[in-house]
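This report concerns only the one structure given below.
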Amino acid sequence: VCCVCLWTLVIISRFIRNCSESEVPELHVLGQEQASKIAKKDRFEVVITDEQFLADVEQGIILDQFPAPGGTAKPGRRVQVIVAAGVPMTHVPLVIGLSSEEAIDDVSAAGLVVDTLRYAFSDSVFENQVIAQLPDSGTVLQRESAVGLTVSLGQEPRRIIVPEVMNLPYEQARYLILKAGLSIGSVEYDRYIGRRKGAVMNQDPPPRRVMERDDPVRLEVNYPEDWVEPDSSTTSTDSLVANIAETAPSE
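Per our numbering, residue 31 is the first one in the sequence shown, and the count goes up by one each step.
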(Lines of atoms letter the chains of each structure in order from A and count residues from 1; the text may use other names and numbers.)
(Lines give C-alpha, C1' and ligand atoms only; values in the text may rest on other atoms or scores of the structure.)
Protein backbone atom coordinates (compact mmCIF):
# COMPACT_ATOMS: atom_id res chain seq x y z
CA VAL A 1 0.00 0.00 0.00
CA CYS A 2 2.83 2.38 0.89
CA CYS A 3 4.50 1.72 -2.46
CA VAL A 4 1.29 2.42 -4.33
CA CYS A 5 0.80 5.69 -2.45
CA LEU A 6 4.39 6.73 -3.08
CA TRP A 7 4.13 5.98 -6.81
CA THR A 8 0.86 7.92 -6.99
CA LEU A 9 2.52 10.95 -5.37
CA VAL A 10 5.38 10.81 -7.90
CA ILE A 11 2.96 10.71 -10.84
CA ILE A 12 0.88 13.55 -9.42
CA SER A 13 3.94 15.73 -8.77
CA ARG A 14 5.18 15.18 -12.33
CA PHE A 15 1.75 15.98 -13.73
CA ILE A 16 1.53 19.18 -11.69
CA ARG A 17 5.06 20.19 -12.75
CA ASN A 18 4.35 19.51 -16.42
CA CYS A 19 1.12 21.45 -16.25
CA SER A 20 2.97 24.41 -14.75
CA GLU A 21 5.61 24.45 -17.52
CA SER A 22 5.32 25.60 -21.13
CA GLU A 23 7.10 24.59 -24.26
CA VAL A 24 9.93 26.94 -25.21
CA PRO A 25 9.02 28.52 -28.57
CA GLU A 26 11.23 28.49 -31.66
CA LEU A 27 12.68 32.01 -32.06
CA HIS A 28 15.47 31.40 -34.56
CA VAL A 29 15.53 33.69 -37.65
CA LEU A 30 12.72 35.81 -36.23
CA GLY A 31 12.98 39.55 -35.70
CA GLN A 32 13.16 40.87 -32.14
CA GLU A 33 9.62 42.30 -32.14
CA GLN A 34 8.02 39.16 -33.55
CA ALA A 35 10.03 36.92 -31.19
CA SER A 36 8.95 38.98 -28.17
CA LYS A 37 5.27 38.68 -29.14
CA ILE A 38 5.49 34.90 -29.56
CA ALA A 39 7.37 34.46 -26.29
CA LYS A 40 4.91 36.66 -24.43
CA LYS A 41 2.00 34.42 -25.48
CA ASP A 42 3.73 31.55 -23.68
CA ARG A 43 4.62 33.84 -20.77
CA PHE A 44 8.35 33.95 -21.53
CA GLU A 45 10.58 37.01 -21.63
CA VAL A 46 13.13 37.56 -24.42
CA VAL A 47 16.47 38.97 -23.25
CA ILE A 48 19.32 39.91 -25.63
CA THR A 49 22.62 38.70 -24.23
CA ASP A 50 24.93 39.23 -27.21
CA GLU A 51 25.18 40.59 -30.76
CA GLN A 52 27.13 39.32 -33.75
CA PHE A 53 28.10 41.24 -36.89
CA LEU A 54 27.07 39.30 -39.99
CA ALA A 55 27.15 41.01 -43.37
CA ASP A 56 24.45 38.80 -44.90
CA VAL A 57 21.96 38.81 -42.01
CA GLU A 58 19.50 41.62 -41.35
CA GLN A 59 19.95 43.54 -38.12
CA GLY A 60 17.80 42.26 -35.23
CA ILE A 61 17.39 38.69 -36.50
CA ILE A 62 17.75 36.08 -33.75
CA LEU A 63 20.71 33.76 -34.34
CA ASP A 64 20.60 31.54 -31.25
CA GLN A 65 18.59 31.06 -28.07
CA PHE A 66 18.72 29.43 -24.65
CA PRO A 67 16.83 27.39 -23.53
CA ALA A 68 16.64 25.60 -26.85
CA PRO A 69 13.26 25.42 -28.58
CA GLY A 70 11.06 22.39 -27.94
CA GLY A 71 12.02 21.94 -24.30
CA THR A 72 9.88 23.00 -21.35
CA ALA A 73 10.40 25.74 -18.79
CA LYS A 74 8.39 27.55 -16.16
CA PRO A 75 6.39 30.57 -17.31
CA GLY A 76 8.16 33.86 -16.66
CA ARG A 77 11.57 32.40 -17.43
CA ARG A 78 13.88 34.49 -19.59
CA VAL A 79 14.84 33.19 -23.00
CA GLN A 80 18.34 34.45 -23.74
CA VAL A 81 18.99 35.24 -27.39
CA ILE A 82 21.88 36.31 -29.62
CA VAL A 83 20.86 38.72 -32.38
CA ALA A 84 22.48 39.93 -35.59
CA ALA A 85 23.94 43.41 -35.27
CA GLY A 86 23.76 43.96 -39.01
CA VAL A 87 26.58 45.27 -41.15
CA PRO A 88 29.21 47.12 -39.06
CA MET A 89 29.18 50.84 -39.84
CA THR A 90 31.73 53.59 -39.30
CA HIS A 91 32.17 57.35 -39.82
CA VAL A 92 34.48 58.83 -42.45
CA PRO A 93 37.18 60.82 -40.62
CA LEU A 94 38.22 64.35 -41.53
CA VAL A 95 41.60 64.09 -43.26
CA ILE A 96 41.80 67.34 -45.28
CA GLY A 97 45.01 69.14 -44.34
CA LEU A 98 46.80 65.98 -43.23
CA SER A 99 49.74 64.45 -45.05
CA SER A 100 48.82 61.61 -47.38
CA GLU A 101 50.44 59.10 -45.00
CA GLU A 102 48.53 60.43 -41.97
CA ALA A 103 45.29 60.50 -43.95
CA ILE A 104 45.66 56.90 -45.10
CA ASP A 105 46.40 55.83 -41.50
CA ASP A 106 43.30 57.64 -40.18
CA VAL A 107 41.08 56.17 -42.89
CA SER A 108 42.40 52.68 -42.14
CA ALA A 109 41.92 53.20 -38.39
CA ALA A 110 38.25 53.99 -39.11
CA GLY A 111 37.87 50.62 -40.83
CA LEU A 112 37.81 52.09 -44.36
CA VAL A 113 40.08 51.74 -47.39
CA VAL A 114 41.73 54.39 -49.58
CA ASP A 115 41.15 53.05 -53.08
CA THR A 116 41.73 56.23 -55.11
CA LEU A 117 44.64 58.62 -54.71
CA ARG A 118 44.56 61.62 -57.03
CA TYR A 119 46.93 64.57 -57.33
CA ALA A 120 46.45 68.24 -58.16
CA PHE A 121 48.50 71.44 -58.13
CA SER A 122 47.67 74.00 -55.45
CA ASP A 123 49.00 77.49 -54.71
CA SER A 124 47.60 77.39 -51.16
CA VAL A 125 48.20 73.84 -49.93
CA PHE A 126 51.64 72.40 -49.27
CA GLU A 127 52.86 69.41 -51.25
CA ASN A 128 51.66 66.01 -49.98
CA GLN A 129 48.76 67.46 -47.99
CA VAL A 130 45.22 66.26 -48.65
CA ILE A 131 43.17 68.84 -50.56
CA ALA A 132 39.87 66.96 -50.81
CA GLN A 133 38.22 63.73 -49.79
CA LEU A 134 35.23 61.76 -51.00
CA PRO A 135 32.92 61.03 -49.22
CA ASP A 136 32.89 64.02 -46.88
CA SER A 137 33.90 63.61 -43.26
CA GLY A 138 31.11 62.41 -40.99
CA THR A 139 29.49 60.27 -43.69
CA VAL A 140 28.38 56.89 -42.32
CA LEU A 141 29.61 53.93 -44.40
CA GLN A 142 29.88 50.20 -44.08
CA ARG A 143 33.29 49.14 -42.82
CA GLU A 144 35.76 48.31 -45.62
CA SER A 145 34.10 50.88 -47.89
CA ALA A 146 36.26 52.98 -50.23
CA VAL A 147 37.43 56.54 -49.68
CA GLY A 148 39.09 58.70 -52.32
CA LEU A 149 41.72 61.33 -51.57
CA THR A 150 43.19 64.19 -53.60
CA VAL A 151 46.70 65.22 -52.60
CA SER A 152 48.47 68.49 -53.34
CA LEU A 153 51.41 68.52 -55.73
CA GLY A 154 52.36 71.98 -54.51
CA GLN A 155 52.74 74.88 -56.92
CA GLU A 156 52.69 74.23 -60.62
CA PRO A 157 56.18 74.19 -62.19
CA ARG A 158 57.16 76.98 -64.57
CA ARG A 159 59.08 74.63 -66.88
CA ILE A 160 57.74 71.24 -67.90
CA ILE A 161 60.64 68.77 -67.85
CA VAL A 162 60.31 65.00 -68.06
CA PRO A 163 61.49 63.42 -64.78
CA GLU A 164 63.66 60.33 -64.45
CA VAL A 165 61.35 57.48 -63.43
CA MET A 166 63.26 54.41 -64.58
CA ASN A 167 63.31 51.57 -62.00
CA LEU A 168 60.87 53.40 -59.74
CA PRO A 169 57.61 51.79 -58.53
CA TYR A 170 54.71 52.73 -60.77
CA GLU A 171 52.90 54.88 -58.16
CA GLN A 172 56.06 56.85 -57.40
CA ALA A 173 56.70 57.34 -61.11
CA ARG A 174 53.10 58.46 -61.62
CA TYR A 175 53.42 61.01 -58.83
CA LEU A 176 56.62 62.51 -60.26
CA ILE A 177 55.17 62.70 -63.77
CA LEU A 178 52.03 64.49 -62.58
CA LYS A 179 54.07 66.77 -60.35
CA ALA A 180 56.14 67.76 -63.39
CA GLY A 181 52.94 68.97 -65.09
CA LEU A 182 52.71 66.03 -67.47
CA SER A 183 50.15 63.25 -67.80
CA ILE A 184 50.28 59.47 -67.88
CA GLY A 185 50.13 58.15 -71.41
CA SER A 186 49.80 54.49 -72.32
CA VAL A 187 51.04 52.02 -69.69
CA GLU A 188 52.20 48.67 -71.03
CA TYR A 189 53.15 45.65 -68.97
CA ASP A 190 55.74 42.98 -69.57
CA ARG A 191 57.74 40.53 -67.50
CA TYR A 192 61.41 41.19 -66.85
CA ILE A 193 63.11 38.30 -65.08
CA GLY A 194 65.28 39.38 -62.18
CA ARG A 195 64.08 43.02 -62.30
CA ARG A 196 62.10 44.90 -59.67
CA LYS A 197 58.44 43.88 -59.80
CA GLY A 198 55.97 46.65 -60.50
CA ALA A 199 58.75 49.08 -61.46
CA VAL A 200 59.11 51.19 -64.59
CA MET A 201 61.37 49.51 -67.14
CA ASN A 202 61.10 52.07 -69.95
CA GLN A 203 59.77 55.59 -70.40
CA ASP A 204 59.07 57.73 -73.43
CA PRO A 205 60.01 60.59 -73.76
CA PRO A 206 63.36 60.17 -72.01
CA PRO A 207 64.19 62.20 -68.89
CA ARG A 208 65.18 65.91 -68.97
CA ARG A 209 63.32 66.65 -72.19
CA VAL A 210 61.36 69.93 -72.19
CA MET A 211 57.66 69.36 -72.89
CA GLU A 212 54.31 71.16 -72.96
CA ARG A 213 51.81 71.06 -70.10
CA ASP A 214 49.91 67.73 -69.88
CA ASP A 215 51.99 66.06 -72.61
CA PRO A 216 51.81 62.29 -72.05
CA VAL A 217 54.64 60.12 -70.78
CA ARG A 218 54.39 56.50 -71.89
CA LEU A 219 55.58 53.81 -69.52
CA GLU A 220 56.50 50.15 -69.63
CA VAL A 221 56.17 48.40 -66.28
CA ASN A 222 57.39 45.06 -65.01
CA TYR A 223 54.23 43.02 -64.53
CA PRO A 224 54.30 40.44 -61.68
CA GLU A 225 51.52 37.96 -61.04
CA ASP A 226 49.97 39.98 -58.18
CA TRP A 227 50.13 43.33 -59.99
CA VAL A 228 46.76 45.03 -60.50
CA GLU A 229 46.66 47.37 -63.46
CA PRO A 230 46.00 50.91 -62.18
CA ASP A 231 43.14 53.03 -63.45
CA SER A 232 44.74 55.65 -65.70
CA SER A 233 41.42 56.99 -67.01
CA THR A 234 42.03 60.27 -65.18
CA THR A 235 45.67 61.21 -65.55
CA SER A 236 45.97 64.89 -66.48
CA THR A 237 46.37 67.39 -63.69
CA ASP A 238 43.74 69.66 -65.28
CA SER A 239 41.09 66.96 -64.99
CA LEU A 240 42.21 66.19 -61.46
CA VAL A 241 41.79 69.82 -60.50
CA ALA A 242 38.34 69.88 -62.10
CA ASN A 243 37.25 66.95 -59.96
CA ILE A 244 38.00 68.80 -56.73
CA ALA A 245 37.05 72.34 -57.75
CA GLU A 246 33.99 72.35 -55.51
CA THR A 247 35.64 70.80 -52.46
CA ALA A 248 39.08 72.43 -52.52
CA PRO A 249 39.75 74.91 -49.68
CA SER A 250 39.39 78.59 -50.48
CA GLU A 251 42.40 80.72 -51.12
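The beta carbon of each residue, even a glycine, is placed where N, CA and C say it ideally should be.
With which residues is residue i paired in a DSSP beta bridge?
i    : result
F96  : Q110
M119 : Q172
L198 : BP columns for L198 are empty, so no partner.
L249 : V217, Q233
R148 : T180
A103 : S52
I191 : V240
Verify the contact flag: residue i, CB atom, against every heavy atom of the ligand GDP, threshold strictly below 7 Å.
i   : result
A85 : Ligands displayed in this structure: none; no statement on the ligand GDP is therefore possible.
Given a threshold of 16 other Cβ atoms within 10 Å of its Cβ, counted over all protein chains shown, does residue i qualify as buried or as exposed?
i    : result
T146 : exposed
G211 : buried
S213 : buried
I191 : exposed
A133 : buried
R239 : exposed
F83  : exposed
Q159 : buried
A65  : buried
S50  : exposed
S130 : buried
V230 : buried
V59  : exposed
Output the boundary residues of the beta strand (DSSP E) element that contains residue i.
i    : result
A176 : 176–182
I214 : 213–220
E75  : 75–82
Q163 : 160–164
Could you say which of the options lies nearest to residue i if we only look at CA atoms?
i    : options                : result
Y253 : Y222, V144, V137, R239 : Y222
L208 : I78, D220, V195, E56   : V195
K227 : V251, D244, A114       : V251
E174 : A85, Q233, V155        : A85
I370 : D135, L198, A162       : What is shown of the chain runs 31 to 281, which leaves residue 370 out entirely.
V217 : P199, E53, L171        : P199
D234 : L249, D220, G224       : L249
Q185 : D166, Y219, S154       : S154
Rounded to the nearest angstrom, what separates residue i and residue j at their Cα positions?
i    : j    : result
R204 : G141 : 27 Å
Q95  : P118 : 22 Å
L164 : V137 : 11 Å
Y152 : L183 : Checking the displayed sequence, the identity of residue 152 turns out to be Ser instead of Tyr. In a straight line, the C-alpha of S152 is about 7 Å away from that of L183.
E242 : P187 : 11 Å
V87  : V113 : 10 Å
Please list the terminal residues of the continuous alpha helix (DSSP H) segment that includes residue i.
i    : result
Q64  : 62–71
D135 : 130–139
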